[in-house]
Amino acid sequence: MKSSIVKEALKYFVNPVTEAFPAAKPYFPKKYRGPPVYDQDKCMGCTACAHVCPADAITVIVKDGKRALEVWYGKCTFCARCEESCPVDAIHLMEEFGIPSEDKLVFKSTVTHDMVKCRLCGKPFITIKHAEWVKKNLLEKMSDVIGSEEIDFFLTVCRDCRHEIENIPGFRKLLIRVLIKGEKVWV
Amino acid sequence: MGLKKCFLCSLAKWARKKSVWLYHAPAGGLCNGCDIEIAAAITPRYDVERFGILLAPSPRHADVILVAGQMTKHSKERLLRVYQQVPEPKAVVAIGSCAISGNIFTTDNYPVAGTVDQVIPVDVYVPGCPPKPEAIILGVVKAIEKLEKRTAESI
Amino acid sequence: MEKVEGKICSIPIGPYHPALEEIAFYKVYVEGERIVDAFIKPGFSHRGIEKLAMQRSYHRNIQLFERVCGICSDAHTTAYCVAVENCLKINVPKRAQYIRVVEHEANRIHSHLLWFGVAMHAIGFDTLFMHSWAIREAIMDVVETLTGNRVNYSVNTIGGVRRDITPELAKYIEEKLKIVEKGTLYLIKTVKEDETIKARTSEVGILTKEEARKYCVVGPTARASGIDEDIRKDDPYINYEDFEFEVCIEDTCDVYGRIMVRLRETLESIKIVRQALKNMPEGRLIADLPYPFPSEDVGRVEAPRGELIYYVKSNYTNIPERVKVRTPTFVNLPATKPMLLGDKLADAPQIIISIDPCLTCNDRLVIVDLRSGCEKTVFLQDLIKGRVKL
Amino acid sequence: MYIVPLLTILAEILIYPGLMFSILFGGIIVWMYRKVRARLQGRRGPPWYQTYADIFKLLIKETIIPLRAWKAGFIAAPTISFAALFAAILLLPFFGRESALGFLGDAIVLLYLLTIPTFALTFGGMASGSPYGIVGSGREASLHVWYELPLWLSAATVFALANSISISGIVEEQALHGPFAIRLPLAFIAFLIAAQAKLAKRPFDIPHAETEIVAGPYTEYSGSLRALFELSEVFKWLAVSALATTLFLGWPLIGNTIVDALIFMVKVVFFALIFAFIDIINPRLRIEQAGWPLWKIATALALIDTIRVYVGLVI
């Protein structure tokens, strides 16, 4: 009547399946989705991660001419979409669980970047590293259309000011050229 | 007298450390993810009973309340009542991102009544969506440390 | 306990009750120990997901719908992705579909074993509860290795999947499946030969075939009442037409039947995973995505609890105009009332559990019920207040 | 002159079979139950000091008395339960042959004392004013009706065969003519079933069925009152196992008090493990299903042996 459960229970009696947790390290698979951390060296502050984050766990703060990206595990869904979307692999999910704490604000990984100030209005709008990366990529992919000086101009003028410049015919032509050529590259 | 008091104090500290009963109170809007991980913590692979941790059925027996999930307007008062039913000394562990910050459900949506720590005082936060059972165990251990501190203060 | 009328008393079950994983409120009216009426009030975990979904882009919604329910998280994302793919006419690569099948069935195995443990806990059989959860850890390892998290898989994306199954991983899954299969066979054998489980569960919570049709129950609850319905067979999605499996039907119409249906389904799921791993085609993982255009469609999925329907309406933006969810618990929950009537109070928890109520699934929809004039709930007033503020 | 017997009695009450020993030994028994349960479920289980830690922690915790509860009854119930079981332990033959406060007819008193905790628990559940407590109390009372008859019948069979109603008489009779577990096998089985119900372990843990009525009568108890109930639980394990030993397995009696006491303890542990094992491999029965094994099977078995004894068929 109860033979199979008794047999199984006795089998478990001899070998319990409990892991020796505090002593032994818990099982983590190779691509475990733990808390995301930034790599200060690789990150260029493009905020792609903040755009895709489903829970808005990544916040972008611009203060004193510096841009700070901050991921708060307290709001994170551990979906690895930031890791996927990062163009330079600067954010990755640790193979580790979040350590419990008495303060909820300690679950953080922050990265700060110096920013370029707009040449016209003086407002910081892009990080230096991001600007360099964009320049490098543009030169690689469409150096025939656009010169390095022109790129420099674009990357030192903020979006609001650029809108105003677009009304100047010469620049507008250049912009159209870049956009037509760039369509395949950017999308 | 002093020695006896000290002995009893250390005994009390020891007992609080070695015997912790949990009460699992879901805070309204939850996805069950954290709840099944809490349940998994009592099952063979993790087995919290070896640390003296039990899942108590009634809040009256509990030392530590595990709160998981997003606080909704509907369940706010019920959770507060559960909290008041737990005898002192008690500690609250907020489990998962939802309990800490509202996670993906945000804190300004219409059925949501903020985070857990706006309603009851939370002692330990366990991040994760959901946290691994190991993290939950570590969180409870942290709560026990806090209880111990409180015991030391009260004596 | 309060007296209602004559000998009839009402006993509350919940909202915080050890038998219920999530919070819900059942008021059971009893005459002695016999239940004469029942009142079910869900809605504690309403989080306004559908409203949130209308403010987020298609891709960000995936993670949102995953958190509708943590137990059938894969079913929800699959249904949402299938709905969006149907809506926007995306052809998903076959390899992606097969990987989805593996995850979908792993999810079902984990959900059914979990449910079996909880059902055994409801009748006080803690040993089997522990054993079934010990077996479940094997499939949890598979899930964790496959997706990187134990509960929220986050692998489905619109047009495909985000993770690949390598040959080593396939071998690992095969190994773990052997453990799960052995364990499930043991559970079936134990349930069959144990007289006390039978005494406790058979002829309890009866839902006859006619009643089941009347209440439109879905999933294992319907199959335990002898209704042959399974979306995987009836309306194959994610390439289910390629797989051979049996639809498990029991005609006992009681809790025992529901246990057996779920356990047998676990074996069928193992079979499907093996087929998928064996016949895994080569190819891409994600299809090219078009720009959104106005359209609408539904995605139907056989979640572990039954038929799950997502309705998606799109427009020219990258935010869906409307997403509507019909979860299995929404149709199964009203059916607990005829099950409860005439049974003993001691059986109430296991009857409620026998439909595998996933109230977190359910509670997005309950707003309609609450709006129809339940004064007891603060909810409605808060809603109005919120609107006034806006 | 009188100080020596007084001190002896005091020592008996406070140290050996009394407070200190029974808490220590009972704690070990409860720990063994939990450990065996954990191991058979595939877990590792609690450390050996778990029961003491639990009880001590509950003792120093805040005690809440609910507004709805009847205060006097709420406090009296655990105290009565604890006191009755403590008295019962003093009557059990922890010296091998003799108990601490043995007298003629103490077996009857012992069985009565073991009945009191049930009433106390019922009373406490009713006094707590929670719906779960009231339902639990009702179940406790009806379960009491189910198991009391087979328990008393099998005990009466033992009394009749031993031709004695004193504990030491029963033990001596067994030491001379072999244990009653062999001479009265059916009554023995009946007693085991009834004792399982008395301990309120599976399949009869209906009064405090966790998933149905939270913790039954215990639901509203917290702090030191709950600790008293927990202590009663410990004593109950000890008393019921020791009762089974006394009534049915009093056989090897060497004569040396220390050796006899040790043998007695081993037997108590043996019975506790039997109860634990039955608890582990069974689900909970419904309250009306519990009547079937208790009234039909156990009572019938005990009755057969009673008749055998009265007819004189027992060797």
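Same order as they appear, the protein sequences are chains H, B, C and V. Numbering-wise, the first sequence is residues 1 to 187 according to my numbering. Numbering-wise, the second sequence is residues 188 to 342 according to my numbering. Numbering-wise, the third sequence is residues 343 to 732 according to my numbering. Numbering-wise, the fourth sequence is residues 733 to 1047 according to my numbering. Here a beta-carbon is modelled for each residue, glycine too, at the ideal position from N, C-alpha and C.
- Shortest Cα-Cα distance from Cys221 (chain B) to any of B:Ile287, B:Leu198, B:Ala202 and B:Lys200 involves B:Ile287.
- At least 8 Å separates the beta-carbon of Gln773 (chain V) from that of Pro320 (chain B).
- Under the Cβ criterion (8 Å, minimum of three pairs), the stretch 277–297 of chain B counts as touching the stretch 319–337 of chain B.
- Our two residues, Gln1021 (chain V) and Arg642 (chain C), have alpha carbons roughly 43 Å apart in a direct line.
- Only residues of its own chain outside the window of five on either side were considered, and among them Asp596 have a CB closer than 7 Å to the CB of Glu545 (chain C), listed in chain order.
- The beta carbon of Lys205 (chain B) falls within 8 Å of a beta carbon belonging to chain V, placing the residue at that interface.
- Taking 9 Å as the Cβ-Cβ cut-off, the stretch 278–300 of chain B approaches chain C at Cys285, Asn290, Ile291, Phe292, Thr293, Asn296, Tyr297, Pro298, Val299 and Ala300, given in chain order.
- The Cβ atoms of Leu1026 (chain V) and Pro917 (chain V) do not sit closer than 8 Å to each other.
- Glu164 (chain H) has a beta carbon lying at 8 Å or more from every beta carbon in chain B.
- Between Ala839 (chain V) and Val1041 (chain V), the C-beta spacing is not below 8 Å.
- Setting aside the 5 residues that flank it on each side, Phe967 (chain V) is surrounded in the same chain by Ser754, Gly758, Leu817, Phe818 and Ile821, each with a C-beta closer than 7 Å to its C-beta; the list follows chain order.
- Cβ contact annotation for Phe827 (chain V) (same chain, cutoff 6 Å, sequence separation greater than five): Thr989 and Ala993, in chain order.
- Taking Leu511 (chain C) as the centre and dropping the five residues before and after it, the same chain places the C-beta of Thr487 and Leu488 closer than 8 Å to its C-beta, in chain order.
- Residue range Gly220 to Ile229 is occupied by the alpha helix (DSSP H) that includes Ile229 (chain B), with no beta strand (DSSP E) assigned at that position.
- For the stretch 642–657 of chain C, there are no residues whose beta carbon sits under 9 Å from a beta carbon of chain B.
- With respect to the C-alpha of Leu846 (chain V), the residue from V:Ile902, V:Trp969 and V:Ile866 having the closest C-alpha is V:Trp969.
- For the stretch 61–117 of chain H, the full-length alpha helix (DSSP H) segments reaching 4 residues or more read 81–85 along the chain.
- In the three-state reduction of the DSSP assignment, Val426 (chain C) falls in the helix class.
- Shortest Cα-Cα distance from Pro578 (chain C) to any of C:Ile404, C:Glu392 and C:Ala421 involves C:Ala421.
- Taking every protein chain shown into account, the CB of Ala804 (chain V) has fewer than 16 other CB atoms within 10 angstroms, so this residue is exposed.
- For Asp786 (chain V), the residues of chain B that pass the 9 Å Cβ criterion are Ala202, Lys205, Ser206, Trp208, Gly239 and Leu241, in the order they occur in the chain.
- Thr59 (chain H) is outside the set of residues whose beta carbon lies under 8 Å from a beta carbon in chain B.
- At least 8 Å separates the beta-carbon of Ser387 (chain C) from that of Lys369 (chain C).
- Three or more pairs of CB atoms, one per stretch, sit closer than 8 Å, so the stretch 582–598 of chain C contacts the stretch 608–620 of chain C.
- By alpha-carbon distance to Ile477 (chain C), the top candidate from C:Ile515, C:Lys524 and C:Ala690 is C:Lys524.
- If you check each beta-carbon in the stretch 750–778 of chain V against every beta-carbon of chain B, the ones closer than 7 Å belong to Ala770, Gln773, Gly774, Arg775, Arg776, Gly777 and Pro778.
- Contact fails between the stretch 73–89 of chain H and the stretch 116–126 of chain H, because fewer than three Cβ pairs, one in each stretch, are under 8 Å apart.
- The stretch 748–789 of chain V is shown to contain no whole beta strand (DSSP E) run of 3 or more residues.
- Here the alpha carbon of Lys104 (chain H) sits roughly 18 Å from the alpha carbon of Ala300 (chain B).
- The three-state secondary structure of Ser656 (chain C), taken from DSSP, is strand.
- With respect to the C-alpha of Glu102 (chain H), the residue from H:Gly45, H:Glu19, H:Gly74 and H:Lys42 having the closest C-alpha is H:Gly74.
- Excluding sequence positions up to five before and after Gly857 (chain V), its CB lies within less than 6 Å of the CB of Gly865, Gly868, Ser869 and Pro949, all in the same chain and listed in chain order.
- In this chain, Thr302 (chain B) is not harboured by any alpha helix (DSSP H), its DSSP state being neither H nor E.
- The three-state reading of DSSP puts Lys277 (chain B) in coil, since its state is none of H, G, I, E or B.
- Nearest to Thr854 (chain V) by alpha-carbon distance, out of V:Leu1017, V:Ala809 and V:Pro863, is V:Ala809.
- Not one beta carbon of chain C lies nearer than 8 Å to the beta carbon of Phe153 (chain H).
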